[in-house]
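Undergrad: Starting off with a structure, shown below.
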Amino acid sequence: MGSALEKAMDEVLSRGEAGLQIAAYHQGKLVIDAQAGDARAGGKPVDAGTVFWVASAGKVSTATALHRQVERGLLRYDQTISSIWPEFGAWGKESFTVRDALTHRVGLAGLPADVTPERLGDWEWMTDRLARSAPSADPAEHDSYHALTWGYLVGEIVRRADPAHRSFEEFVRDEVLAPAGITDLWHRLPASVHGRAAVVKGDIFAGDFVVTEDHEINTAEYRVRFDPSGAWMTARAGARLWALYAQGGQLDGPRLLSAERIRTFLEPRTGGYPAGPLVGPHGVIGQGALMLGGEVPSHADVLGFGRSVLWHPGAGGALGFADLDAELAGMICHNQLFDARGLAQHPFAPVVRAIYAEVDA
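Here the sequence shown stands for residues 34 to 394, numbered as in the working numbering.
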């Protein structure tokens, strides 16, 4: 690890970060695998095997699963959702397409009114309730970022299109993670891995969501609940998944996506941006569900990313990215959560710059 990255990590820690894990792939090879700080109170240091909750930075896994189905000819982006999920056509939703669900444009951003923590873990209950829900009539809410519902919508589309009739969790494992050689990434954390999990804490949404060490997120009950809109991972695992995009859809195994398809994800979604208050003014959603870097109208890039970058943040600050032109992918995991919306510069911008500097050195 070079001095530029060490300095950037020290800067982040000096501002109050607890634990930090950074990994990057360049031209398909792991070139950065760095850790600093503590995984939990009491001084347990972060190491390469520490597992972090990354919230929506895990959406890249779910999005990749849907793109795999399209790549295999089992789905089309312009196909109506109701053609494979008939119940979804209720309440005037029969014309919504797979692309609409993928890019947060089906008017179901809010959770069902009668949802409970237990029901969030009940796939059948959640997907049935969303299918039978009326979309929001408010245009601003209609196209707003579907933070928690998105994974159920996209995941159920993937599941319905699977000839093998696997669960969505099984599909992700079999068709995305295993072929890509990724082991330390889960949408529910196995009990056997709980001892490796970092304890997260901090203020995610400017006082509206404060996480303490005894918060639900840090409990065994939360960790084993399946979350298709979020994930647990090591930075090394996340960077490897993003490297799949940076390398045009293939690493050192089978081709999962075409390079041409990945390039189409650099275009903004239909329907405009920004995507609502949850992602702030800098959240520009692309055609492939991933966020865009570079000079997009109304988009002030807080991370210094160029126009060839796909990325996705998670609530609290975790982020992963793929620079298609530079063949560079990275993942930043941490456990001192913060609210980055509306900031002139993302707190991890120095780390991102240092990753690029390491590769260019």
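Quick reminder that beta carbons are idealized off the backbone N, C-alpha and C, glycines included. Quantities reported herein were computed from a predicted structural model and do not represent experimental measurements.
Enumerated in chain order, which unbroken segments of the alpha helix (DSSP H) with a length of 4 residues or greater are wholly contained in the region 89-133?
TA: The qualifying runs are 92-104.
Undergrad: Between which two residues does the alpha helix (DSSP H) harbouring I295 extend?
TA: Per DSSP, I295 belongs to the alpha helix (DSSP H) from 292-297.
Undergrad: Could you tell me which residues DSSP pairs with G286 in its beta bridges?
TA: Bridge partners of G286: none, in fact.
Undergrad: Taking the C-alpha atoms as reference points, what is the distance between A180 and S89?
TA: Their Cα atoms are separated by approximately 7 Å.
Undergrad: Round the Cβ separation of L290 and H59 to the nearest angstrom and send it over; I've been treating them as touching at under 8 Å.
TA: L290 to H59, Cβ: 19 Å. No contact.
Undergrad: Which ranges would you report for the alpha helix (DSSP H) in the region 256-287 if only whole runs of at least 4 residues count?
TA: Whole alpha helix (DSSP H) segments, 4+ residues: 268-279.
Undergrad: If you follow the beta strand (DSSP E) that L361 is part of, which residue opens it and which one closes it?
TA: 361-367 is the extent of the beta strand (DSSP E) around L361.
Undergrad: Spell out the partners DSSP gives W158 in its beta bridges.
TA: None, per the DSSP bridge assignment.
Undergrad: Compute the beta-carbon to beta-carbon distance between A231 and F85, rounded to the nearest angstrom, for a pair I have assumed lies under 8 Å.
TA: Rounded, the Cβ-Cβ distance is 5 Å, consistent with contact.
Undergrad: Give every residue of the same chain whose Cβ lies closer than 7 Å to the Cβ of D66, excluding the five residues on either side of it in the sequence, and list them in chain order.
TA: Here the set comprises A56, A81, R269.
Undergrad: Straight-line CA distance for D260 to G188?
TA: Cα to Cα, the separation comes out at about 10 Å.
Undergrad: DSSP state of G184, grouped into three classes?
TA: Helix at G184.
Undergrad: On the three-pair Cβ rule with 8 Å, is the region 91-99 touching the region 344-362?
TA: The region 91-99 vs the region 344-362: in contact.
Undergrad: Going by DSSP in three states, D147 sits in which element: helix, strand or coil?
TA: The answer is coil: DSSP assigns D147 none of H, G, I, E or B.
Undergrad: Between which two residues does the alpha helix (DSSP H) holding R138 run?
TA: It is not in any alpha helix (DSSP H) - R138 carries neither H nor E in the DSSP assignment.
Undergrad: Leaving aside the five residues before and after A51 along the sequence, list all residues of the same chain whose C-beta is less than 7 Å from its C-beta, in chain order.
TA: Answer for A51: G70, D71, N368, Q369, listed in chain order.
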